[in-house]
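Just so we're aligned, residue 728 is where the sequence shown starts under this note's numbering, counting upward by one. Note that the Cβ used here is the ideal one computed from N, Cα and C, for glycine as well. Single-structure report; data block below.
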Amino acid sequence: MRNTRWSLRGRLVALLAAATVASWAAGGLWLYRSALAESGRLFDVALAETAHAVLEVVAHEWLDEREEVELESIDHAFAGTLYYQVRDGDGAIVYRSPGAPLDPLESVAASGFSDRRVGGVDYRVYSLQAPPDRGLIHVAQPHRERLAAARAAAVRLLAPALVFALLLAGIVWWIVRRVTAPLVAFSRAIDARAPGDATPVHIDALPDELAPVGQAVNRLLERVEAALLHERTLTADAAHELRTPLAALRAQAQIALRSRDDAERRVALRELIGGVDRATRAVDSVLTLARLDAQRQDMGRLQDVALAPLARLVAAEFDARRNGTGGARDIALEVDVPPLTVRGDADALAIMLRNLVDNALRHAEGAVRVEAQATADGVRLAVLDDGPGMTDEQRSRAFDRFYRAAEGGGAGLGLALVKRIAELHRARVTLGAGIAGRGLGVGVVFPR
């Protein structure tokens, strides 16, 4: 598969260098055309000045003879490229510069600038009429020499510009490397991290535009560290907590093997089955908590969940379970939930409510009530019992994983699961008094 990644540094250098070269090319074209036009104007000025200079020379030595004579070159800045002819009043050439054509450069009536082809050569000609009836002066320059000189001047102007454009491209490359160096160093610092190293990456050197990226990476590292900590803690605590029920299962199995009659064996097997059920609940709780720890709830995708049908369903499950086991404890389970809804995951909310009811039934003396009401903060769902309740010290540790306030057969994960599910729903858990001021009341307040 073709690699589609691209380099920010390479793209910046390429784009800025291309912009520099394009700007130089556009500016160079404009400068070249301007140089050609300006050179043409300067050459025209030189033609006119040379014509006047020749006029000044011959004005005092105008000859009446019709003899053609070559004068010495007039001293000017374009010697060797300008040619002149001096004609008398009849149009005959009486003087001409060295190398000037023998044929007239222009007609006797000409005045000012013109373009002529004489002897197979194209000339730019300036004609100056002498005082009346005295004659005419032509000064000419070959077009090819004018164009060659103009191009040479333009190239001399463009060469330094090209050097500076290349220098600017090098400066752009250096600046881009300097500006992107903190980003490269940041990525290398992340790559160099050892597994499990979640310490924040230094972002002081990052520019303001990239600082949010660095902060997001550090927040991600914090979440990864918290998830790893939860996983390690949960694994270690689960391994420790499962040793006890597994040891009990082994002991009950050994008792069943050594039993001398069927009655003793049935008792041991019932205890064995009860131990298996407790171990199963503990494993289920551990797995559920591990799954919830790795989960992040998207509140925008949640749907409205009606609390009344959910509470009745959970209560019916516990009634069926107690009836199936012979109803060893006669505890009334009351549901008082009006038609209220909260935004959430129905399955997770059912797990939360099952754990609250199971915990209440385990500690209640005669009654458990599930209730809900609308409050100023949102909707409060609560499960209350009339058991012994909790002391202040027990309440401070109630949500610790594998903490059991009293021996009740649980794994100590019920309230930890409740708290985690509440966190996923942006809700908060409160502990208060139970039924008639006795026992414990656990409330979950869902925000509006």
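Assuming residue i is part of the beta strand (DSSP E), what are its boundary residues?
i: threonine 1068; result: 1068–1071
i: alanine 877; result: Note, alanine 877: premise wrong, no beta strand (DSSP E); alpha helix (DSSP H) at 870–918.
i: glycine 839; result: 839–845
i: arginine 987; result: Element bounds for arginine 987: n/a, residue is neither H nor E.
i: glutamate 1061; result: 1059–1063
i: asparagine 854; result: Reading off the sequence, residue 854 comes out as serine, not asparagine. Taken as a continuous stretch (DSSP letters only), the beta strand (DSSP E) holding serine 854 covers 848–856.
i: aspartate 1031; result: 1030–1033
i: arginine 814; result: 810–814
i: arginine 861; result: Neither: arginine 861 is in no beta strand (DSSP E) and is coded neither H nor E.
i: isoleucine 820; result: 820–823
For residue i, which of the options has the nearest alpha-carbon?
i: leucine 769; options: Asn1082, Gln868, Leu1060; result: Gln868
i: alanine 932; options: Gln942, Ala925, Thr926; result: Gln942
i: alanine 1179; options: Val848, Pro828, Gly818, Arg1096; result: Residue 1179 lies beyond the stretch modelled for the chain, which goes from 728 to 1175, so this question has no answer here.
i: valine 1084; options: Pro1065, Leu996, Ser854, Arg1039; result: Arg1039
i: glutamate 1098; options: Phe1045, Val1172, Ala980; result: Val1172
i: leucine 742; options: Trp900, Leu889, Tyr811; result: Trp900
i: aspartate 1153; options: Ala749, Leu1060, Asp1112, Gly1105; result: Per the sequence shown, residue 1153 should be read as arginine rather than aspartate. Considering only alpha carbons, the answer is Gly1105.
i: valine 848; options: Ser834, Asp830, Gln856, Pro939; result: Asp830
i: glutamate 949; options: Ala745, Ala925, Ser824, Arg920; result: Ala925
i: glutamate 1122; options: Ala1109, Val1169, Glu1092, Val1110; result: Checking the displayed sequence, the identity of residue 1122 turns out to be arginine instead of glutamate. It is Val1169 whose Cα lies nearest to the Cα of arginine 1122.
i: isoleucine 898; options: Ala953, Thr747, Asp842, Ala1043; result: Thr747
i: glycine 1002; options: Leu976, Ala752, Val994; result: Leu976
i: serine 914; options: Val940, Ala1047, Arg946; result: Val940
i: arginine 823; options: Val951, Arg993, Val781; result: Val781
i: glycine 839; options: Asp988, Ala857, Pro825; result: Ala857
i: glutamate 776; options: Glu952, Pro922, Tyr810; result: Tyr810
i: leucine 999; options: Arg987, Asp989, Asp988, Gln981; result: Gln981
i: aspartate 935; options: Arg993, Asp771, Pro909; result: Pro909
i: alanine 752; options: Pro825, Arg904, Ala892, Gly826; result: Ala892
i: leucine 937; options: Glu952, Asp918, Thr907; result: Thr907
i: arginine 760; options: Leu874, Glu783, Arg993, Ala749; result: Leu874
i: valine 740; options: Ala953, Val903, Asp771; result: Val903
i: isoleucine 930; options: Ile1148, Ala912, Ala1047; result: Ala912
Within a Cβ cutoff of 7 Å, which residues of the same chain sit near residue i, ignoring the five residues on either side of it in sequence?
i: alanine 1055; result: Caution is warranted here: a pLDDT of 46 is assigned to alanine 1055, below 50, making its placement in the model unreliable, and the coordinate value is therefore given only provisionally. Same-chain partners within the cutoff: there are none.
i: alanine 762; result: Ala877, Ala880, Ala881, Leu884
i: valine 1032; result: Thr1068, Val1069, Gly1071, Ala1073, Leu1076
i: threonine 1052; result: Residue confidence for threonine 1052 is low, a pLDDT of 49 falling below 50, so the modelled location carries little weight and cannot support an answer.
i: alanine 1160; result: Gly1168
i: glutamate 765; result: none
i: arginine 738; result: none
i: glycine 755; result: Leu885, Ala888
i: alanine 1091; result: Ile1058, Asp1112, Asp1113, Gly1114, Gly1166
i: glycine 1093; result: Ile1058, Ala1059, Asp1113
i: leucine 1029; result: Arg1070, Gly1071, Asp1072
i: glycine 826; result: Tyr810
Rounded to whole angstroms, how far is the Cβ of residue i from the Cβ of residue j, which I believe are closer than 8 Å?
i: glutamine 1100; j: arginine 1107; result: 6 Å
i: aspartate 1112; j: isoleucine 1162; result: 7 Å
i: alanine 916; j: alanine 744; result: Not really, about 29 Å apart at Cβ, beyond 8 Å.
i: histidine 865; j: glutamate 833; result: 5 Å
i: glycine 1116; j: arginine 1175; result: Their Cβ separation, rounded to whole angstroms, is 30 Å, which puts glycine 1116 and arginine 1175 out of contact at 8 Å.
i: arginine 861; j: valine 852; result: Contact flag wrong, Cβ pair sits at about 19 Å.
i: leucine 855; j: alanine 773; result: No, leucine 855 and alanine 773 are not in contact; Cβ-Cβ is about 13 Å, not under 8 Å.
i: asparagine 945; j: proline 927; result: 4 Å
Near residue i, which residues of its chain fall below 8 Å by C-beta distance, leaving aside the five closest residues on each side in sequence?
i: glutamate 872; result: Thr808
i: leucine 758; result: Ala881, Leu884, Leu885, Ala888
i: leucine 996; result: Gln979, Ala983
i: valine 1041; result: Ala1077, Leu1080, Arg1081, Val1084, Val1097
i: alanine 1125; result: Met1117, Ala1132, Leu1142, Leu1158
i: alanine 835; result: What sits at residue 835 in the sequence shown is valine, not alanine. Taken in chain order, the residues that qualify are Arg814, Gly818, Leu863.
i: alanine 1149; result: Met1079, Arg1155, Val1156, Val1171
Tell me which residues share the same chain as residue i and place their Cβ nearer than 6 Å to its Cβ, disregarding the 5 neighbours each side in the sequence.
i: proline 828; result: Val845, Gly846
i: threonine 1157; result: Gly1170
i: alanine 1087; result: Val1095, Val1110, Asp1112
i: alanine 1035; result: Val1064, Pro1066
i: arginine 1155; result: Val1172
i: valine 951; result: Ala925
Alpha helix (DSSP H) runs contained entirely in the stretch 1088–1174, provided each spans 4 or more residues: 1119–1123, 1141–1151
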